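Numbered according to the working numbering, the sequence shown spans residues 7 to 104.
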Amino acid sequence: MSRPVYVLPEAEADLRDAQFWYDSRAFGLGDHFFSAIDDAVSRIGTSPLHFPLVHDTTRRALVRRFPYALYFRVEAEGVFVIACSHTSRRPSHWQGRV
Numbered sequence: 007m008s009r010p011v012y013v014l015p016e017a018e019a020d021l022r023d024a025q026f027w028y029d030s031r032a033f034g035l036g037d038h039f040f041s042a043i044d045d046a047v048s049r050i051g052t053s054p055l056h057f058p059l060v061h062d063t064t065r066r067a068l069v070r071r072f073p074y075a076l077y078f079r080v081e082a083e084g085v086f087v088i089a090c091s092h093t094s095r096r097p098s099h100w101q102g103r104v
């Protein structure tokens, strides 16, 4: 059973920044990035408890083909994506949002 996935505004800003960066590197690469994000969101919605806990009740889903991860929490109302972060970036970037 699939759960609704909600992307918080801060995570949407992370996604826009990453897409802009990829679009500035090669035409259409930002679209490929968002396709990979859509795939990750779909996987999260289908089986959110499959992903590892990385901080308290926050889980991480790696994005295929790109060095990014989606950080999310599973709540009764659905799944909430709190950040999209480059995997080489310090965790403190998103941990303050928890």
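In this text, a Cβ means the ideal position worked out from N, Cα and C, and glycines have one as well. From a predicted model like this one, the values you see are computed outputs, not experimental measurements.
Sub-9 Å separation of residue i and residue j beta-carbons
i, j, result
"alanine 42", "phenylalanine 78", "no"
"leucine 14", "valine 80", "no"
DSSP beta-bridge partners of residue i
i, result
"glycine 51", "Partner(s): none; glycine 51 has no beta bridge."
"tyrosine 12", "Phe86"
Residue i, DSSP secondary structure in three states
i, result
"serine 98", "helix"
"arginine 22", "helix"
"alanine 46", "helix"
"arginine 70", "coil"
"phenylalanine 40", "helix"
"alanine 32", "coil"
Exposure of residue i, with buried meaning 16 or more beta-carbon neighbours within 10 Å
i, result
"alanine 32", "exposed"
"proline 54", "buried"
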